[in-house]
Structure formats: structure tokens, C-alpha cells
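In mature numbering (1 follows the signal peptide of the UniProt record, and there is no 0), the protein residues as written are -26 to -1, 1 to 132.
Just so it is clear, CB atoms sit at the ideal spot from N, CA and C, and this is done for glycine as well.
Fair warning: this is a prediction, and the values are worked out from it, not measured in the lab.
First up is the structure itself, then whatever we jot down about it.
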């Protein structure tokens, strides 16, 4: 790993973790008084499962973004890929605010559907720059797909 790649991946991981931390703040508020009372589907994982999974996802996302960034920010495909990445990261952050912060599962569902589409677009653009970066985003896409199904079921059941 080159010094440039390590540095840029570290910065990107830090940014992803910052978004995750902000989402965790909204999540804490909702899990204390609202979320426990919701009807949940049989496949809902234990609450303790979510934190470690999201940590892994944010680290993988950061490494992927760092790989793309290390290819040279001034290249038009790198810029395009990173703009898409940044946009999906903003939408990612909105989900926790919608679901836990203002306790609106339907709005959160719309947000996570948009997020999933944006992740797929980001993977497409990452693949233009680096296959490795694109592959590192696949677990995140799968996890968000699962979360989208879970969100739908929680909305449907409540």
C-alpha cells in the first residue's frame, strides 16, 4: 500500500465514520423510547448486531473511496465517482434521522430506496476507476438491501 493510498483511505474512513457517528446519535434517541415498541419481522437481527456491521461497512466504504481518490482527484472519472459516493453518503446519513430521529418509517423507506439506487450507481462509477473499489462496495449494497427489506417490513407491520 502506498503512502498516498493509506492517507487518502484513512481520511475517507474517517469521513465515513463521522457520518456513522452522526447517524448513531439519531439512532440512540429513537431506540430508547420508540423502536422497542415497534412490531418487527422475524428476521430482525438483535440490536447489538447493527453497530458492528455498520462499522465494517463504513470502513469498507472508506477504503473503496480512498482507492478511487488515490487515482487522482482531477481525473474526470475519479471526480464523478467521488461525487456519487458523497451524495450516497449524505442520503445514508438521512436515513437514521428519518427513521429514528423523526420516527417516520415510510419516509425512511423512501430514503433507503434512493440510497440503494445511489449505491449501485456509485459502484458503477467506482468500477470505471477501480474494480477493487467497486467490489469493496458490494457488501454495503447487500447490507442496505437487507436494511431496506427490514425497513419495509417494519413500516408494513406498524
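- prompt: Quick one: what's got a C-beta closer than 8 Å to residue 44's C-beta in the same chain, skipping five residues either side?
  reply: -25, -23, -22, -19, -18
- prompt: Thinking C-beta only, is residue 112 closer than 8 Å to residue 97?
  reply: yes
task: With a 10 Å radius around its C-beta and 16 neighbouring C-beta atoms as the bar for buried, classify residue 35 as buried or exposed.
output: buried
task: Taking residue 114 and residue 31 to be in contact with their CB atoms under 8 Å, please state how far apart those CB atoms are, rounded to whole angstroms.
output: 5 Å
query: Curious, which full-length beta strand (DSSP E) runs of at least 3 residues does the segment 56 to 102 contain?
result: none
- request: Could you check the C-alpha separation between residue 40 and residue 101 for me, to the nearest Å?
  value: 14 Å
message: Report the CB separation of residue 42 from residue 104 in whole angstroms; it is logged as a contact under 8 Å.
response: 6 Å
- request: Throw me the rounded Cβ distance for the residue 58 and residue 87 pair, which I believe falls under 8 Å.
  value: About 16 Å; that fails the 8 Å criterion.
message: Let's test the definition: count the other Cβ atoms within 10 Å of the Cβ of residue 38 and tell me whether it reaches 16, buried, or not, exposed.
response: buried
query: Nearest-angstrom Cα distance between residue 70 and residue 82?
result: 8 Å
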